[in-house]
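Colleague:
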Amino acid sequence: MTSAAKDRQPVIYWFRQDLRLRDLRGLNAAVATGRPVLACYILDDESPGDWKMGGASRWWLHHSLTALAADIEKVGGKLYLARGESAAVLARLAGQAGADLVCCSRQYEPWARQLEEAVHTLLGERGVELKRYGGSLLYEPETVSTQAGAPFKVFTPFWRKCRELPVKLEPAVRVRLAGWPRSVGDPDALDDWALLPTRPNWARSWGDLWQPGEKHAYAKLTAFLREAVGDYDAGRNYPARRATSRLSAHLHFGEIAPARIVHATREAAAENPALAAETDKFLSELGWREFSNHLLFHFPEMPEEPFKGEFAAFPWLGGAEGLRAWQQGRTGYPLVDAGMRELWQTGYMHNRVRMVVASFLCKHLLVDWRAGQRWFWDTLVDADLANNACGWQWVAGSGADASPYFRIFNPTTQGEKFDKQGDYVRRWVPELAALPDRYLYQPWAAPGKVLREAGVDIPAAYPEPVVDHREARDSALAAYDRVRSQQGVTA
DNA sequence: TGAAATGTTGGGGCG
DNA sequence: ACGCCCCAACATTTC
C-alpha cells in the first residue's frame with residue numbers, strides 16, 4: 007500500500023461504556039493518527055453471560071446513544087450501530103471498511119476483559135490491531151498496589167495512596183469523525199434494538215427525570231458544584247434533599263470522564279477554599295468507585311461469591327415471599343418501602359436508603375445479597391457491576407473492608423434521623439402521608455384513632471411489618487454465629 | 001457510612 | 001441535713 011493510501015485507511019473507534027467525545031483518550035489517539043475515524047457501538051448481549059444489561063440500563067443506553075449519535079453527526083461522523091458478538095462484528099466492520107486499527111476504552115468487568123482478549127485475538131488474525139486505553143477510571147488497577155505489591159483490600163489506605171498519584175486530564179482535541187464507506191453493510195436502527203420498555207412502559211415519566219448524554223452530564227456537574235457541594239458532607243445523608251450529584255449513571259456510561267469531575271471539583275475548591283472539606287468528601291465517593299473497580303479487577307469472583315470465604319456457610323433462610331415484599335415496596339417498614347418504590351418508579355435510589363434497604367433484605371429478611379444485587383442490576387439506571395457487587399457485599403458483611411455483619415440498620419430510627427420531617431417517605435408512600443411524624447416510621451404503633459384520622463387502613467392499604475424488628479435482629483445475629491464459628495477455618 | 005445493652009454521673013424529689 | 005431512689009443524659013461496650 008502506498009503511504010498516500012495508508013493515510014486514508016480508516017481507524018475504527020469502538021464506543022463502549024465511554025459514550026462521550028470529550029476527554030476520551032482512545033478517541034483522541036484515533037484522531038491523532040490523522041486518518042478518517044469511524045465510530046461504532048455494538049450491542050453485545052452474548053458476551054456478558056449472566057450480566058447482560060438490565061432493563062433500566064437499557065433505557066438509559068437508548069437515550070445516551072441517541073445523544074452521542076447526534077453529537078457525532080455534528081463533527082462529521084456517523085455512529086454505526088450493530089448487534090451481536092463484539093469480536094465477530096468488529097472483524098466484519100474492519101474488513102468491510104478496510105481498517106487496520108481499532109481503538110477503544112478498557113473495561114474492568116471479568117467478562118469484558120475476556121471479551122477484549124477475544125477481540126484482540128480475532129482482529130490480530132485478520133491483521134487488525136486493537137488498542138485499548140484507560141481513563142474510565144482515575145487510576146488503572148495495575149498502577150495502585152501496597153508496598154508489598156498486593157492489591158489493597160481496605161479503602162482508606164487505598165484512597166490515600168491514590169491521592170498521591172496525578173490525575174491527568176486529556177489535552178483538548180478537536181475531534182472530527184468520518185462517514186462510513188458504502189462497502190460496509192447497513193447499520194441497525196436503534197429502535198430495532200427495543201431498548202425501551204413496552205407493555206408496560208414503566209419508564210413513561212423518566213424523560214422528565216433523567217437526561218442521558220454528555221451535555222447533560224456536564225451541566226449536572228456544573229450545577230452540583232455551584233449549588234450543592236457546599237452542603238455535601240451532611241446533606242448527602244438526607245434523602246429528601248437534593249444534595250448529591252446524581253452523576254452515577256452518567257459516569258457508568260462514560261458520558262463524563264472521572265478525571266473531568268476531579269478537575270472541576272478541585273477548581274471549585276480552589277476558588278472557594280471554604281469548600282475544601284466538602285469537595286474532599288465528594289471526591290472520596292469517587293474513590294469508592296475506584297476501590298470497587300480495583301477489587302473487581304483483582305477479585306473477579308466478587309459478583310458471584312462472598313469475598314470473605316466464611317460467608318459461604320451463611321444460612322440465608324429467607325424465602326421468596328420476603329424478597330417479593332421487598333421488591334414491591336410492601337414490607338410494612340415505611341423507609342424501606344419508600345426506597346424500593348423510588349427505585350421502581352425512577353430507576354434510582356438515594357444512597358443512604360440503598361444501605362437501609364440492602365441491610366433490611368440481608369439481615370431482617372435473611373435473603374442472600376446476590377438476590378438483591380440482581381434486583382438492583384435490573385432496576386437501577388446506574389447499575390454497575392463493580393459498585394453493585396461491592397456495595398452489596400459491604401452491606402452483607404462479606405466484602406473487603408465491609409460493614410461488620412452485626413451492624414444492623416433499624417429502619418425506624420434511620421427514618422427518624424435522616425428524614426425527620428418525613429418528606430421522603432410521604433413522597434414515595436403517599437398512603438401514609440397524613441400520619442403524624444411521630445408514627446410515620448412505625449405505623450403499626452399508632453393508636454387506632456390516629457390511623458383512622460389519617461385514613462390509613464392496615465393491612466388493607468398498607469401492610470403489617472413482614473417481620474418484627476427485634477425478632478429479625480435476633481435471628482440475624484444468631485445466623486451470624488454460624489459464620490463466626492467458621493472463622494479461622496480455611497475456606 | 002449503627003443499634004442496643006450496659007455502665008456512669010448528677011440533679012432533684014422525697015422521706 | 002442527709003441518704004436514697006429515680007431517671008435522664010451521656011459514655012462505653014457488645015453484638
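Residue numbers (our numbering): 7 to 497. Cβ atoms here follow ideal geometry from the backbone N, Cα and C, with glycine treated the same way.
1. Nearest to Arg89 by CA position, among Thr39, Tyr114, Trp20, is which residue?
2. In its own chain, which residues sit with a C-beta less than 6 Å from the C-beta of Phe424, not counting the 5 before and 5 after it?
3. In angstroms, rounded to a whole number, what distance separates the CA positions of Met308 and Glu123?
4. Per DSSP, which one or two residues make a beta bridge with Phe21?
5. Buried or exposed for Gly219, going by 16 or more other Cβ atoms inside 10 Å?
6. Are the beta-carbon atoms belonging to Asn299 and Pro147 less than 8 Å from one another?
7. Going straight from the alpha carbon of Ala497 to that of Gly315, what length do you get?
8. My output table needs one value for Leu87: the three-state DSSP class, helix, strand or coil.
9. To the nearest angstrom, report how far apart Thr385 and Val342 are at their CA atoms.
10. Just curious, the beta strand (DSSP E) that Arg138 is in, first and last residue?
11. Name the one or two DSSP bridge partners that Ser111 has.
12. Is Gly461 helix, strand or coil when you go by DSSP?
13. Hey, out of Cys109, Ala35, Pro16, whose CA is closest to Gly101's CA?
14. If you reduce the DSSP assignment to three classes, tell me which class Tyr244 lands in.
15. Is Gly213 helix, strand or coil when you go by DSSP?
16. Checking 8 Å against the spacing of the C-beta atoms, do Ala38 and Lys174 come in under that value?
17. At the level of alpha carbons, what is the spacing between Tyr447 and Glu135?
18. Within the continuous alpha helix (DSSP H) that includes Phe164, where are the two ends?
19. Would you mind sorting Gln334 into buried or exposed? The rule is 16 or more other CB atoms within 10 Å of its CB.
20. Quick check: the Cα distance between Leu329 and Leu371, rounded to an integer number of angstroms?
21. Should Ala283 go down as buried or exposed, given a rule of 16 or more other Cβ atoms within 10 Å for buried?
22. What is the rounded straight-line gap between the Cα of Tyr139 and the Cα of Gln379?
23. Measuring CA to CA, which of Lys226, Lys84, Arg166 is closest to Gly185?
24. So what does DSSP say about Glu470, is it helix, strand or coil?
Modeller: Answer, in terms of the structure:
1. Trp20
2. Asn243, Tyr244, Arg358
3. 21 Å
4. Tyr47
5. Taking all protein chains shown into account, Gly219 has 16 or more neighbouring C-beta atoms within 10 Å of its C-beta and is therefore buried.
6. yes
7. Note on Ala497: pLDDT 40, under 50, position unreliable in the model; no value is reported.
8. strand
9. Distance between the alpha carbons of Thr385 and Val342 is about 16 Å.
10. 135 to 139
11. Tyr139
12. coil
13. Relative to Gly101, the option among Cys109, Ala35, Pro16 whose CA is nearest is Pro16.
14. coil
15. helix
16. For Ala38 and Lys174, no; Cβs fall outside 8 Å.
17. 59 Å
18. 161 to 169
19. exposed
20. 8 Å
21. exposed
22. Going from the Cα of Tyr139 to the Cα of Gln379 covers about 29 Å.
23. Lys84
24. coil
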